[in-house]
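Below is one structure; the comments refer to it alone.
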Amino acid sequence: MRRLVPLSVLLLVACGQEQHQRLTATLTSPTDVSLVWQAEPGAAGQVVEYANEPDGAYTVLEFAPPDRTTYEHPDLIPQTPFYYRVRSFHGPASATADVTLSPGDEA
Numbered sequence: 013m014r015r016l017v018p019l020s021v022l023l024l025v026a027c028g029q030e031q032h033q034r035l036t037a038t039l040t041s042p043t044d045v046s047l048v049w050q051a052e053p054g055a056a057g058q059v060v061e062y063a064n065e066p067d068g069a070y071t072v073l074e075f076a077p078p079d080r081t082t083y084e085h086p087d088l089i090p091q092t093p094f095y096y097r098v099r100s101f102h103g104p105a106s107a108t109a110d111v112t113l114s115p116g117d118e119a
């Protein structure tokens, strides 16, 4: 005799994922930015990205290994806004950190 056992499964889907990684962007010279973040525990690595508009398309700067938590973005264009984010290879992006470069030297 076979017994059928009822099985209930509850599937929860997150409407919004919490952003775990904290990212800071610091202007270290008139044209260089230093990024520092806290890596996601257990992540296989991070993707470092930037855009020039808050809702613009992001460009990958680096695929960083799991133990790296810094990135230097050198030789940037003066008077240009840069929006940075970091995300795990398979996870949500960090909150955006932004930097606007000051005018360059007059020639």
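Numbering of the sequence shown is given in this note's numbering, commencing with residue 13 and proceeding in unit increments. Just so it is clear, CB atoms sit at the ideal spot from N, CA and C, and this is done for glycine as well.
Please work out which residues of its chain come closer than 6 Å, Cβ to Cβ, to residue i, disregarding the five sequence neighbours upstream and downstream, and give them in chain order.
i: residue 46; result: 38, 40 and 84
i: residue 97; result: 61, 105, 106 and 108
i: residue 88; result: 43 and 113
Which residues in the same chain as residue i place their Cβ atom closer than 8 Å to its Cβ, once the five residues preceding and following it in sequence are excluded?
i: residue 3; result: Past the boundaries of the shown model lies residue 3; the chain is included only from 13 to 119, so the question cannot be answered.
i: residue 48; result: 35, 36, 38, 81 and 82
i: residue 79; result: 51
i: residue 110; result: 37, 66, 93, 94, 95 and 96
Measuring only the C-alpha atoms, how far is residue i from residue j?
i: residue 99; j: residue 82; result: 13 Å
i: residue 56; j: residue 106; result: 16 Å
i: residue 54; j: residue 76; result: 14 Å
i: residue 64; j: residue 50; result: 23 Å
i: residue 59; j: residue 113; result: 23 Å
i: residue 67; j: residue 101; result: 21 Å
Under a three-way DSSP split, which group does residue i fall into?
i: residue 73; result: strand
i: residue 114; result: coil
i: residue 38; result: strand
Taking the alpha carbon of residue i as the point to measure from, which residue in the options has its own alpha carbon closest?
i: residue 103; options: 93, 52, 75 and 111; result: 52
i: residue 43; options: 67, 69, 86 and 68; result: 86
So what does residue i bridge to, in DSSP terms?
i: residue 99; result: 59 and 105
i: residue 93; result: 112
i: residue 44; result: 41
Among residues of its own chain, excluding the 5 on either side of residue i, which ones have a beta-carbon nearer than 7 Å to its beta-carbon?
i: residue 73; result: 60, 61, 62, 83 and 85
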